[in-house]
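Heads up, the sequence shown is in my numbering, so the first residue is 11 and it goes up one at a time. First comes the structure, then the notes that go with it.
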Amino acid sequence: MKRHILITGGAGFIGSHVVRHFVHKYPEYEVVNLDLLTYAGNLANLRDIEQEANYHFVRGDIGDIDLVRSLFREHRIDGVIHLAAESHVDRSIRDPFLFARTNTLGTLSLLQAAREAWESLPTNTCRFHHVSTDEVYGALQPGEEAFCETTRYNPHSPYSASKASSDHFVRAYHDTYGLPVVITNCSNNYGPYQFPEKLIPLCIRNICANKSLPIYGKGENVRDWLHVQDHAEAIDEVFHRGRDGESYNIGGINEWRNIDVVKLLIRITDEELGRAPGSSEKLITHVTDRAGHDLRYAINADKLRAELGWSPKHTFEDGLRDTVRWYLTHKQWMEDVTSGAYERYYSEMYENRRS
Ligand code: NAD
Ligand code: TYD
């Protein structure tokens, strides 16, 4: 069946993998990528597919409801995969309002446009897939059961609060207006094209440059790491076969303390650089902890496994090695995303959006 899918945030880290996956796997679909190109969005992430006949890029804000309405009309959109967001916890601590505007109000604008466009269509012909995070569930203590879909929401950071709020709006549009929706809540992703403000690409970059590796607090916080391509495949399964109104957790059963992830990365990166493995451990620097730092995230993905047969394909060590190799062979990409041009663009956009 031909589908017309609006993917938001497709120029970002996860979005670019999802766009590539859909453009290649479903040549009969039309894929429209709506992205504002903030500091985190980069069209270089999609160079290899930008000429494909079934792909269109539109630069714009998900919060611009008139633009979103016109895209639904013009492209006869019958599916949304919504990834656009402000995604970095540390930035949310500095500017919570930006996170509420983009993540909460931006999602509301998309929901309303979808509701208007799909009002007279049978619900089984349309789908709004909201991509969310495990951080909405809050923090686990050591030994506590992993998050499942019925775990109570308990967000602690402005980022997770804005994502939790967007999840609630998605459910409200389902329950109140009958909008056909699914939600996925995924654990921490890693892989190519991740912006180097996040732990793994930041450490790879700094190991290469012999710069310090900032570990917040003691490094004992635990995250459940999943390769981004495994996430893209899970989104494909849930978008096509997930049950209406349901949410699905996605995760790798792959819990690591930050300090152990960094040591593993050091070993792999040293090996790839021809240095004595472990020699970069001298770069580890413990710094002041993040405010409200969640101790532990862990995902129970049994529902997704049982209903849709999904399981991750990448082991952590192989996935990390491939990721390190990707960054080592894409130095220009790293240069470009961290150059003054990106930072300047971001600060202009940021100032404009505050006024
Ligand atoms: P990212 O920061 O790399 O990319 C976000 C993209 O959204 C960028 O391309 C940016 O330009 C775009 N964007 C931001 N504001 C916009 C706006 N107002 N209008 C249109 N586009 C806008 O983020 P990511 O890590 O790829 O995360 C994508 C989604 O997945 C987010 O919703 C995030 O909450 C969720 N998620 C991320 C992770 C993770 O580990 N990174 C884990 C679980 C869920
Ligand atoms: P991050 O990649 O920012 O993802 P999230 O906050 O969404 O989990 O951080 C992953 C973990 O690494 C988190 O516990 C915070 C920690 N961290 C550091 O110790 N140092 C850093 O420089 C960064 C960016 C994160």
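Think of the CB as a built atom: it goes at the ideal place given N, C-alpha and C, for glycine as much as any other residue.
{"Asked": "How would you label residue 198, buried or exposed, when you count the other beta carbons within 10 angstroms and need 16 or more for buried?", "Found": "buried"}
{"Asked": "Less than 8 angstroms between the beta carbons of residue 19 and residue 95, yes or no?", "Found": "yes"}
{"Asked": "Looking at the secondary structure, which residues open and close the beta strand (DSSP E) in which residue 9 lies?", "Found": "Nothing in the structure corresponds to residue 9, since the chain is present only between 11 and 365."}
{"Asked": "Please go through the same chain and pick out, in chain order, the residues whose beta-carbon is closer than 6 angstroms to the beta-carbon of residue 174, but skip the five residues on each side of it.", "Found": "146, 163 and 165"}
{"Asked": "Whole-angstrom Cβ separation of residue 223 and residue 216, contact assumed at under 8 angstroms?", "Found": "5 angstroms"}
{"Asked": "Helix, strand or coil for residue 27? Go by DSSP, reduced to three states.", "Found": "helix"}
{"Asked": "What does the alpha-carbon distance come out to for the pair residue 26 and residue 80?", "Found": "23 angstroms"}
{"Asked": "In the DSSP assignment, find the alpha helix (DSSP H) that holds residue 100 and state where it starts and stops.", "Found": "99-104"}
{"Asked": "Do the CB positions of residue 248 and residue 139 come within less than 8 angstroms of each other?", "Found": "yes"}
{"Asked": "I'd like to confirm the pairing. Which residues does DSSP put opposite residue 141 in its beta bridges?", "Found": "194"}
{"Asked": "Counting along the chain, where does the beta strand (DSSP E) carrying residue 68 start and finish?", "Found": "65-69"}
{"Asked": "Within 10 angstroms of its Cβ, does residue 246 collect 16 or more other Cβ (buried), or is it exposed?", "Found": "buried"}
{"Asked": "By a C-beta neighbour count over all protein chains shown, 10 Å radius and 16 as the cutoff for buried, is residue 129 buried or exposed?", "Found": "exposed"}
{"Asked": "Between residue 118 and residue 335, what straight-line distance do the alpha-carbon atoms span, to the nearest angstrom?", "Found": "39 angstroms"}
{"Asked": "To which residues of the same chain is residue 109 closer than 6 angstroms at the C-beta, ignoring the five residues directly before and after it?", "Found": "96, 102, 168, 169 and 172"}
{"Asked": "So, helix, strand or coil for residue 237, using DSSP?", "Found": "strand"}
{"Asked": "Based on DSSP bridge pairs, tell me the residues matched to residue 92.", "Found": "18 and 140"}
{"Asked": "Determine the burial state of residue 148: buried for a count of at least 16 other Cβ atoms within 10 Å of its Cβ, exposed for fewer.", "Found": "buried"}
{"Asked": "Measuring only the C-alpha atoms, how far is residue 266 from residue 196?", "Found": "16 angstroms"}
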